[in-house]
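Asker: Chains A and B are the protein sequences, given in the same order.
Quick note on the numbering used here: the first sequence kicks off at 12 and runs consecutively.
Quick note on the numbering used here: the second sequence kicks off at 12 and runs consecutively.
Protein chains: 2
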Amino acid sequence: MTLTPVKRPEPKQLRAHVIQETVDTVVSAEAARLAEGPEWLTQSQENHGLPLSVERSFASFPVWELTHYLFGGRERAEHRERLMSDIERDPSFMMLDLKHDLPMGSVREATLRRARNFTETILEEHESVTRMRFDVLAMVDPSFMTRVGVHYALFWGTIRGQGTTEQIVDLASQGMLLLKDFFGCFAMTELGHGSNVAGLQTTATFMPESDEFELHTPSLLATKWWIGGAAESATHAVVFARLLSNGTDYGVRPFVVQLRHPQDFALCFGVTIGDCGAKMGRHGIDNGWIQFNRVRIPRRAMLARHVSINRAGVVRERARGSRQLAYGALITARVQIAVDASNACKRAITIAVRYAAVRRQFSPHPEAPETRLLDYPSHQARLMPLLADAFAIHFAAERTQLQQQACSELLEAVPESPLAVRALADLKALHGTASGLKAHSTWLAQRVIEECRQSLGGHGYSSYAGLASLQADFVVQCTWDGDNTVMALQCGRYLVACWRDRTGRAGLSSNLAYLATLEQALAYRSPARRAADFQRLDLLVQLYSSVCAHLVDTAGVKIEQYLSPAGGNMSPDEAYREAAPELLRAARAHCLGYMLRQFAEAVTAAPASLRPPLEKLCALFGLHHLIESAGALCAIALEKSFLSPEQLRDARDCYRALMPEIRADAVPLVDSFALPDFILASPFGRYDGDVYRAYFDRVKFGSTLSNEAARAAGGSGDRRATSGPVRLTGQEHPYFESQLKPLFRRTLPE
Amino acid sequence: MTLTPVKRPEPKQLRAHVIQETVDTVVSAEAARLAEGPEWLTQSQENHGLPLSVERSFASFPVWELTHYLFGGRERAEHRERLMSDIERDPSFMMLDLKHDLPMGSVREATLRRARNFTETILEEHESVTRMRFDVLAMVDPSFMTRVGVHYALFWGTIRGQGTTEQIVDLASQGMLLLKDFFGCFAMTELGHGSNVAGLQTTATFMPESDEFELHTPSLLATKWWIGGAAESATHAVVFARLLSNGTDYGVRPFVVQLRHPQDFALCFGVTIGDCGAKMGRHGIDNGWIQFNRVRIPRRAMLARHVSINRAGVVRERARGSRQLAYGALITARVQIAVDASNACKRAITIAVRYAAVRRQFSPHPEAPETRLLDYPSHQARLMPLLADAFAIHFAAERTQLQQQACSELLEAVPESPLAVRALADLKALHGTASGLKAHSTWLAQRVIEECRQSLGGHGYSSYAGLASLQADFVVQCTWDGDNTVMALQCGRYLVACWRDRTGRAGLSSNLAYLATLEQALAYRSPARRAADFQRLDLLVQLYSSVCAHLVDTAGVKIEQYLSPAGGNMSPDEAYREAAPELLRAARAHCLGYMLRQFAEAVTAAPASLRPPLEKLCALFGLHHLIESAGALCAIALEKSFLSPEQLRDARDCYRALMPEIRADAVPLVDSFALPDFILASPFGRYDGDVYRAYFDRVKFGSTLSNEAARAAGGSGDRRATSGPVRLTGQEHPYFESQLKPLFRRTLPE
Ligand SMILES: Cc1cc2nc3c(=O)[nH]c(=O)nc-3n(C[C@H](O)[C@H](O)[C@H](O)COP(=O)(O)OP(=O)(O)OC[C@H]3O[C@@H](n4cnc5c(N)ncnc54)[C@H](O)[C@@H]3O)c2cc1C
Ligand SMILES: Cc1cc2nc3c(=O)[nH]c(=O)nc-3n(C[C@H](O)[C@H](O)[C@H](O)COP(=O)(O)OP(=O)(O)OC[C@H]3O[C@@H](n4cnc5c(N)ncnc54)[C@H](O)[C@@H]3O)c2cc1C
C-alpha cells in the first residue's frame with residue numbers, strides 16, 4: 012500500500028511531529044473502517060504495517076541511494092542483495108530461527124549440513140565476492156561462519172602464511188581446500204594461555220633417531236582449549252607448540268597434525284579430545300579440548316616458511332616474512348571484526364526502530380491514541396545515538412579496509428618510492444588503529460545490542476526477538492582474535508610510541524596528524540558560536556583531535572616520568588604496564604575520534620542528496636560520545652579550555668535538537684541497511700511492521716515443534732514447551748504425574 | 012594451609028607490591044618442590060590455591076566482622092549462613108549447575124521438585140527469616156524463586172492486598188497458601204500492554220442475569236503474555252481485566268480465575284494457554300500466554316476490597332487503601348530488586364577477583380613468573396570500581412529497607428504527631444528514590460556482570476563460569492516490575508515535583524535536602540586542596556548534591572519553560588514528556604548520589620576496624636561515577652565551578668591511587684560477601700583457588716552427562732556434547748554418517 016503523505020513538512024519545521032500526526036490520522040481511519048467488520052477481522056488486522064508505510068513516505072532522502080553508497084556502489088549493493096537471496100533460498104539455510112527451539116545437537120548438525128554445498132561455491136567465485144558472502148553469512152549463521160572461518164581463514168590461512176610453497180602445494184593437492192577428507196581446526200589457545208601466545212606449553216620435541224616430532228601436552232594447563240571444530244568435526248589441526256631440539260627451546264611454531272581418521276572418525280593414537288561443553292552462544296560450533304600423549308608426527312609437519320629444521324635437528328631462521336604482509340593480514344582480520352560489529356548494530360537497531368514505530372504505550376489523555384515509542388523524546392535519546400554508532404562503525408571499518416588495500420597496492424607497485432615510505436607509515440598507523448578499532452567497535456556493539464534489546468521491553472527477553480542470541484553470539488568478538496583490553500593497550504602503546512617519536516618523523520599518518528601538530532592541538536579553542544555550529548563536522552573532528560592529543564600527551568608524559576630516575580627508573584615494559592589506565596583512555600578517545608573522522612570523510616564524499624541525513628548522524632555520533640558516553644571527554648574539553656562552559660551548553664542543545672530531526676528519518680535510515688526479514692530473523696523487525704501476528708505465530712510454532720521433538724524423543728528429549736496451545740490433560744503433561752500431583756495430593760501436616 | 016606473611020607491609024607503602032612478591036616467592040618455592048616429583052603430581056597440583064591463601068594472610072581488616080556488618084550483625088549473618096547450608100544439603104538443590112547440560116524440560120521439572128518441601132518450611136518460620144531465605148534462593152535458583160515469588164508475592168500478595176477479609180479467608184481455607192490444589196500465577200501483562208496497565212484490554216463484563224462475569228480476550232493484543240507459571244504449572248490466576256457493567260467501563264480490576272483442574276490438569280472450558288517459548292534466561296520458569304473465550308466466572312471472583320459490585324451490577328468504590336501501605340509495598344518490591352542486583356554484583360565480582368588472583372598471563376621478562384591479572388593496573392581499574400558498586404548497591408538497598416520499615420513503624424505508632432508528618436514525607440521521598448534505585452541498581456549490575464564476564468577472557472564465555480547465565484537470568488530485572496526507563500522517569504518526575512514545591516514545604520526528606528538549600532548547593536565550591544581530600548566522603552557527598560541540584564534545577568526550569576506561554580503552553584504531561592531526557596539525567600545523578608550517601612553513612616556507622624577499607628571503596632564509588640562512567644558528571648562539576656580543573660586533576664589522581672590500595676584487600680573484601688562455592692557455582696570463583704582442575708572436571712562431567720542423556724533419549728535428544736573425552740568412531744558420532752561421511756566421500760566436480 013503506497014501512501015501520499017497528507018501534508019508535506021516545511022523544511023526545518025519539526026517533521027517528527029507531522030509524521031506522528033499523519034500516522035495517527037491514517038491509523039485511526041483504518042481502525043474505524045475495520046471496527047465495522049466482524050471481530051476476527053479486527054483481530055487479524057490489529058497491527059498492520061501502516062505506521063511504517065507512513066514513516067517511509069516521509070523519507071527526506073533517496074533510501075536506495077544510501078544503500079548503494081553504503082555498500083560500494085549500485086552494482087556491489089545489488090550483488091550483495093543477490094547473495095542474500097541465494098542464501099535465503101538454499102534449503103539448508105531455511106528457518107534459521109528454529110535454532111531457538113531445537114536441541115543443541117541438531118543445531119550443530121545443521122552447521123555441517125550448511126558446509127556441504129558451500130565449498131564448491133566459494134572455490135568458483137572471485138575473492139571479493141567471497142568476502143561479501145562471508146559478511147552476509149556471519150549475520151545469517153555466526154556458528155556456521157565460525158566453523159568455515161576456522162577452516163579457511165585460520166587453518167588454511169596459517170598453512171598459506173607459514174608453510175613453504177611445497178607444503179602448501181602438497182596439502183592442497185590432498186584435498187584440504189575442498190573439504191575432501193580434511194576439515195581443519197586451529198589449535199593455538201591452551202587452558203593456561205590465550206593472549207600470551209609465547210607462553211604456550213605444548214611441546215614438539217624433535218627426535219632425530221626417527222626424524223619425527225613428539226607432540227606432548229605436559230600439564231593440565233597445556234591442554235588445547237576452545238578449539239573450534241575440534242570436538243566433533245575436525246580431522247586435522249594446526250597445532251601451535253614449542254619447538255624443542257637438541258635441548259634448546261626455539262619458541263612456538265605451527266604444526267599440521269592429524270586428529271582423526273576420515274574413514275570412521277576414530278581418534279588417532281595418543282590424541283584425546285573432549286567437548287568444551289555448554290557456552291554462552293554460537294551453539295552451532297563444536298569447541299573442544301585436545302591433549303597429546305607423546306604423539307609422533309613427521310618432520311615435514313612443521314610449517315617451515317620462516318623457521319626450518321633439518322634432518323639433524325638444526326633449526327634455522329629463514330628470511331622473516333615481509334612486515335607489510337603481516338600488517339595487512341592483521342588489519343584485515345581486525346577490520347573484519349569491526350565489519351561484523353557494524354552489522355550486528357545494524358540488525359539490532361533495525362529491529363528496535365521498526366518496533367518503536369509500531370509499538371504504542373500510554374496516551375497523553377484518555378481519548379488520544381497511545382503514543383508510539385519512537386515519538387517519546389526519551390526513546391529517541393536512547394535509540395538515535397545507537398543508529399549513529401551503526402553508521403560510524405560501518406564507515407570506519409569500510410574505509411580502513413580500503414586504505415589498507417590502497418597502501419598495500421602502492422607498496423607493491425612502487426616499492427622504493429617516497430610514496431611507498433608514506434604508505435608504509437600509513438599501514439603501521441592503520442595497524443595500531445585497527446587493534447583499537449577491533450576493541451572499541453565490539454564493545455560499542457555489545458552495548459548497542461543490549462540497549463536495543465531492553466528498548467523492546469519484555470519482548471526483548473524472548474528468544475524469538477532475535478536480540479538475546481545476537482548478543483550471546485556476538486560478545487565473544489570482544490575476547491577472541493585478540494582480547495579487547497589487550498588490543499586497546501596495543502593501540503595505546505602505539506599512540507605513545509608515535510608521540511615519543513613525533514619530532515623525529517618525516518610525517519605521521521593522517522590518522523595521527525594531531526600528534527605532529529601537538530602544540531597546536533593542545534592550544535585549540537573551539538570557534539563555535541552557537542548551538543548549530545556543533546553540527547559542523549570539521550569543528551567536531553578538530554575538537555576530538557585536541558582531546559586525543561591531550562590524552563596521548565598525558566599518557567606519554569606519565570610514561571617518561573616512570574622511565575626517569577625520579578619516577579622509579581622503570582623498564583619500558585614496567586612503565587607501559589603502570590600507565591595502562593592512561594593508555595586505555597587515550598586509545599578509547601583515539602578510536603572514537605578515528606571513527607568520527609572516517610564518518611565525516613564519508614559524509615563529504617557522499618552524493619549531495621545523502622549528505623544532510625548523514626551529516627546529522629555523524630554530528631550526533633561525535634556529540635554523543637563527547638557528552639554522554641563513558642570517559643567524560645567533554646570534561647577534558649572544558650578542563651583544557653578547548654570548549655568554554657557556554658559552548659558545552661550549546662553542544663548539548665545541538666545534541667538534543669538533532670534527536671527529533673534524525674528520528675524523522677529513522678525508519679528510512681534503517682531501511683537503507685537493506686537487511687531482509689530472513690536475516691533479521693525477528694518478528695519485531697519485520698519490514699511490513701506486522702509484528703504481533705508474526706510473533707504470535709512464531710511462538711505457537713515453537714511450541715508445536717518442541718512438542719514434536721519431545722514426542723520423537725519418547726518423552727525424554729527437550730520438553731520445554733510441551734504444553735503448547737493444546738488442552739493438556741495430566742497424561743500428556745511432562746511432569747504432572749511426577750511433581751504436580753504429589754504436590755497437590757499430599758497430606759498436610761497438622 | 013596457613014601462612015605467615017614473609018614481610019608485613021609498612022602502612023602507606025604499596026601493600027599491593029608486597030603481596031605480589033610474596034605470592035611469587037611462595038608459589039615458586041612450591042613449584043620447585045613439585046618439579047622434583049613425578050609428572051602426574053606436577054600436573055595435578057598445577058594451580059593450587061596458594062595465591063589466595065597469601066592474599067588472605069595480608070588482609071588489613073577483620074574479614075568476618077565485615078560479613079557481620081554487611082548482614083545485620085553476627086547473629087543474622089550466622090543465620091544466613093545456616094540457611095545457605097540448609098539449602099545446599101536439600102537433595103532437590105544438588106548440583107545446581109547441571110542446568111547448563113540438561114534439557115529445558117528437566118530444568119523446569121526441577122523447579123517443581125524444589126517447590127515441594129518449600130511451602131511447609133516457610134509457613135513455619137518468621138517473616139524476616141523468610142525474606143532472608145528468599146534473598147538466598149534468588150541467588151541459588153532464580154527460576155525457582157520466580158515461580159515461588161509469583162505465587163506468594165504476586166498472586167497471593169494481590170489477594171491479600173485487594174481482597175476483602177472474607178475473600179482472603181475463603182481462599183486461604185481452600186489451601187491456597189499451602190499449594191494444596193492451588194498454584195497461582197499473576198496475569199497482568201498483555202501482548203499489547205505492559206507498562207501502561209490502565210490500557211489493558213481483557214474484559215470482564217458483568218452479566219446480571221446469571222450473577223457472573225464473562226471474561227474475554229477481545230483481540231490478539233489482549234492476550235495475556237509472559238505469565239510466569241501459566242504454561243505448565245498454574246491452576247489459578249489473578250487476572251487483571253476491565254470491569255464492564257451496564258455499559259460502563261470501570262477500569263482495570265483483579266479477578267481470581269481458575270485455569271486448570273488440579274485433578275488432571277486439564278484446562279478449564281474456554282481457556283487457551285500456550286507456552287511463550289524460548290527466552291534469554293530463567294529457563295526453569297514456565298512463562299505462558301492465556302486467552303479467554305467468554306469464560307464465565309462468579310461475581311465473588313472479583314477482588315473487592317477497594318471496588319465492589321453488587322447483584323445488580325452497581326459498582327461502588329470503597330475507601331481507598333492507605334497511601335502509606337501502598338508506598339510501603341512498592342518500596343519493598345523495588346528495594347528487593349536492588350538487593351538482588353547487589354547480590355548479582357557480589358557473585359560476579361567474587362568470581363572475577365578470585366580468578367584474577369590466580370590467573371597469570373605474560374611475564375615482564377623471560378625468567379620472571381607471569382604476572383597475575385590482579386597485579387595489572389589496567390585489570391585493577393576494571394575490577395575495583397565494580398567491587399565498589401557491589402558494596403554501594405548493598406548498603407543503599409539495605410538502608411532504604413530499614414528506613415522504610417522505620418517510617419512505617421513510626422506512622423503506625425504515632426499517626427498524628429509531627430514525627431509522623433515527617434515520616435510520611437520521608438516515605439514519599441523513599442518511594443521516588445526507590446523507583447530510580449530499582450532502575451539504576453539493575454542497570455549497574457548488568458554492566459558489572461558483563462565486565463566481570465569479559466575479565467575472565469575466553470573462559471568467561473563458558474557456561475560453567477556461571478557468569479553468562481547470571482547475566483541472562485538477571486537482566487530481566489531491568490524490564491519487569493516496572494521497566495527501568497519508566498521507573499527512572501518516575502523518579503525524575505518526583506524530583507522535579509519536589510523542586511517546584513521546594514519553598515512551600517515544611518521540610519524535605521534528607522534524601523532531597525539539596526533541593527531545600529538549592530541556592531547554596533548551586534553556589535558550592537569544593538574546598539578540596541589536594542588529591543587526598545577526594546577521599547573525604549563528606550566532600551564527595553556535597554559535590555554530588557550540587558551536581559544533582561544543578562541537574563534537577565535544569566530539568567525543572569525546562570519544564571516551567573514548556574508550561575509557559577513562551578515555551579508552547581504545554582500540558583504538564585506534554586512538558587514532562589518533552590523534558591524526559593533531562594529528567595533521566597537528573598534521576599541518574601540523584602540515584603548515584605543517593606547510593607553514595609547511604610554508603611558513606613554506612614561507613615560512619617561501621618566499627619572502627621572496618622572503616623578504612625570501606626572508606627576507600629566508598630570514595631572509589633563516588634569518584635568512578637563522577638569521572639569515568641556515562642553521563643560525565645565531572646563535566647557538570649567543572650561547568651558550574653563546583654570543581655576547578657586542578658581539583659578535577661586531583662580527583663583523578665586520588666581515583667588512580669585508590670586502585671592498588673583496594674586491590675591489596677580485594678580477596679578479603681570479596682570473601683566478606685561470604686558466598687559459598689555452592690552458590691557461586693563457578694570453578695573460577697572457588698574459595699580454594701583450585702580453578703583449573705575444577706573447571707576441567709566440570710567440563711568432562713558435562714560431556715559424560717550429555718552422553719548419557721543422549722543415550723537415554725535414543726540418540727535423538729540433546730546431543731550437543733556427545734563426543735566427550737571418549738574415542739569416537741563413526742558409529743557413535745552424532746552426525747558422522749549423515750553429514751561428515753557424505754562430505755568427505757563426495758565426488759568432486761571436474
Ligand atoms: C567461543 C570461543 C572460540 C574460540 N576458538 C578458538 C580457536 O578455534 N582456536 C584457538 O586457538 N583459540 C580459540 N579461542 C580462544 C581465544 O582466542 C582466547 O580466549 C583469547 O585469545 C583470550 O585468551 P584467554 O581466554 O586465555 O584470556 P587471557 O589471555 O587469560 O585474558 C584474561 C583476562 O586478562 C586480561 N589480560 C591479559 N593480558 C593482559 C595484559 N597484558 N594486561 C592487561 N590485561 C591483560 C584480558 O583482558 C582478559 O580480561 C576461542 C575462544 C572462545 C571463547
Ligand atoms: C521473563 C518475564 C516474565 C514476566 N512475568 C510476568 C508475569 O508473571 N506476570 C505479568 O503480568 N507480567 C510478566 N512479565 C511482563 C513484564 O511485567 C513486562 O514486560 C513489563 O512490565 C514491561 O512491559 P512491556 O514488555 O509491555 O514493555 P512496554 O511497556 O511496551 O515498553 C517497551 C519500551 O518502551 C519504553 N516505554 C514505555 N512507556 C514509556 C514512556 N511513557 N516513556 C518512555 N518510554 C517508555 C520502555 O522503556 C521500553 O523500552 C514478564 C516479563 C518477562 C520478560
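Beta carbons are placed, not taken as given, at the ideal position from N, Cα and C, and that holds for glycine.
Bear in mind the structure is a predicted one, so any value in this text is a computation, not a measurement.
#1: Tell me the rounded alpha-carbon separation between arginine 756 (chain B) and glutamate 135 (chain A).
#2: Please list, in chain order, the residues of the segment 92-115 of chain B that have any C-beta partner in chain A closer than 7 Å.
#3: Output, in chain order, the set of chain B residues within a Cβ distance shorter than 7 Å of alanine 641 (chain A).
#4: Is alanine 27 (chain B) helix, strand or coil when you go by DSSP?
#5: Could you please give the first and the last residue of the uninterrupted beta strand (DSSP E) stretch that includes tyrosine 80 (chain B)?
#6: Output the distance between the C-alpha atoms of proline 73 (chain B) and leucine 691 (chain A), rounded to the nearest integer angstrom.
#7: For asparagine 774 (chain B), name the three-state secondary structure that DSSP assigns.
#8: Report yes if the C-beta of tryptophan 491 (chain B) is less than 8 Å from at least one heavy atom of ligand 2; otherwise report no.
#9: On the CB-based measure, 16 or more other CB atoms within 10 Å of its CB, does tryptophan 75 (chain B) come out buried or exposed?
#10: Check each candidate in B:Gln185, B:Ala685, B:Leu595, B:Gln572 and name the one with the smallest Cα separation from threonine 444 (chain B).
#11: Assign alanine 40 (chain B) to buried or exposed, taking buried as 16 or more other Cβ atoms, counted over all protein chains shown, within 10 Å of its Cβ.
#12: When the Cα atoms are used, what is the spatial distance from glycine 735 (chain A) to glutamate 201 (chain B)?
#13: Answer yes or no: the CB of leucine 467 (chain B) versus the heavy atoms of ligand 1, is any distance below 8 Å?
#14: Check whether the segment 124-132 of chain B touches the segment 665-674 of chain B, counting contact only when three or more Cβ pairs, one atom from each stretch, lie closer than 8 Å.
#15: May I ask whether a heavy atom of ligand 1 can be found less than 8 Å away from the beta carbon of isoleucine 301 (chain A)?
#16: What residues of chain A sit near alanine 479 (chain B), judged by a beta carbon separation below 7 Å?
#17: Could you please give the first and the last residue of the uninterrupted alpha helix (DSSP H) stretch that includes glutamine 372 (chain A)?
#18: Okay, do the segment 276-286 of chain A and the segment 179-195 of chain A touch, 3+ Cβ pairs below 8 Å being the bar?
#19: Please list the terminal residues of the continuous beta strand (DSSP E) segment that includes phenylalanine 266 (chain B).
#20: Can you tell me which of the three DSSP states arginine 433 (chain B) falls into?
#21: Which stretch, first to last residue, makes up the alpha helix (DSSP H) that contains leucine 232 (chain A)?
#22: What is the DSSP secondary structure of phenylalanine 69 (chain B), counted as helix, strand or coil?
#23: Keeping to the same chain, check which residues put their C-beta closer than 6 Å to that of glutamine 572 (chain A); ignore five residues upstream and five downstream.
#24: Kindly examine ligand 1 and report whether one of its heavy atoms sits closer than 8 Å to the Cβ of methionine 199 (chain A).
#25: Less than 9 Å between the C-beta atoms of serine 521 (chain A) and tyrosine 535 (chain A), yes or no?
#26: State yes or no: is the C-beta of phenylalanine 485 (chain B) nearer than 8 Å to some heavy atom of ligand 2?
#27: Exposed or buried, what is glutamate 66 (chain B) when buried is set at 16 or more other beta-carbons lying within 10 Å of its beta-carbon?
#28: Would you check if the distance between the CB atom of leucine 634 (chain A) and the CB atom of alanine 591 (chain A) is smaller than 9 Å?
#29: When you compare only the Cα positions, how much space is there between serine 4 (chain A) and methionine 106 (chain A)?
#30: Roughly how many angstroms separate the alpha carbons of proline 753 (chain B) and threonine 715 (chain B), rounded to a whole number?
#31: In chain order, what residues of the segment 679-708 of chain B put their CB closer than 9 Å to some CB of chain A?
Answerer: Let me spell this out:
#1: Cα to Cα, arginine 756 (chain B) sits roughly 20 Å from glutamate 135 (chain A).
#2: Here the close residues are His111, Asp112, Pro114, Met115.
#3: Within chain B, the residues near alanine 641 (chain A) are Glu639, Ser640, Ala641.
#4: Secondary structure of alanine 27 (chain B) (DSSP, three-state): helix.
#5: If you look at tyrosine 80 (chain B), you'll find it isn't in any beta strand (DSSP E); it sits in the alpha helix (DSSP H) that goes 74-81.
#6: In this structure, the straight-line span from the alpha carbon of proline 73 (chain B) to that of leucine 691 (chain A) is close to 54 Å.
#7: Limits of chain B in this structure are 12 at one end and 761 at the other, which puts residue 774 (chain B) out of reach.
#8: Result yes, Cβ under 8 Å from ligand 2.
#9: With fewer than 16 other Cβ atoms inside 10 Å of its own Cβ, tryptophan 75 (chain B) counts as exposed.
#10: Across the set B:Gln185, B:Ala685, B:Leu595, B:Gln572, the C-alpha of B:Leu595 shows the shortest separation from the C-alpha of threonine 444 (chain B).
#11: Taking a 10 Å sphere around the C-beta of alanine 40 (chain B), we find fewer than 16 other C-beta atoms and assign the residue as exposed.
#12: Unreliable placement is indicated for glycine 735 (chain A), whose pLDDT of 47 sits below 50; the coordinate value is still reported in the next sentence. Roughly 18 Å separates the two Cα atoms.
#13: Flag set: Cβ of leucine 467 (chain B) near ligand 1.
#14: Here the segment 124-132 of chain B makes no contact with the segment 665-674 of chain B; the two share fewer than three CB pairs at distances below 8 Å.
#15: Proximity of the beta carbon of isoleucine 301 (chain A) to ligand 1 is not indicated: no heavy atom of the ligand is located closer than 8 Å.
#16: Against chain A, the beta carbon of alanine 479 (chain B) has neighbours under 7 Å at Met291, listed in chain order.
#17: Glutamine 372 (chain A) -> no alpha helix (DSSP H), and no H or E assigned at all.
#18: Contact fails: fewer than three Cβ-Cβ distances are below 8 Å.
#19: Following the DSSP letters along the chain, one finds phenylalanine 266 (chain B) inside the beta strand (DSSP E) bounded by residues 259-269.
#20: DSSP places arginine 433 (chain B) in helix when its eight states are reduced to three.
#21: Here leucine 232 (chain A) belongs to no alpha helix (DSSP H), and DSSP marks it neither H nor E.
#22: Three-state result, phenylalanine 69 (chain B): coil.
#23: Apart from sequence neighbours up to five positions away, the residues of its chain that approach glutamine 572 (chain A) with a beta-carbon distance below 6 Å are Gly578, ordered along the chain.
#24: Distances between the C-beta of methionine 199 (chain A) and the heavy atoms of ligand 1 include at least one below 8 Å.
#25: It is not a contact, given that the beta carbons lie outside the stated cut-off.
#26: Every heavy atom of ligand 2 is 8 Å or more from the Cβ of phenylalanine 485 (chain B), so no.
#27: Classification for glutamate 66 (chain B): buried.
#28: Taking a C-beta distance under 9 Å as the contact criterion, leucine 634 (chain A) and alanine 591 (chain A) do not qualify as a contact pair.
#29: This structure does not reach residue 4 (chain A), given that chain A is present from 12 up to 761, and the question cannot be answered.
#30: C-alpha of proline 753 (chain B) to C-alpha of threonine 715 (chain B): approximately 28 Å in a straight line.
#31: Taken in chain order, the members of the segment 679-708 of chain B whose beta-carbon sits within less than 9 Å of a beta-carbon on chain A are Tyr703, Arg704, Tyr706, Phe707.
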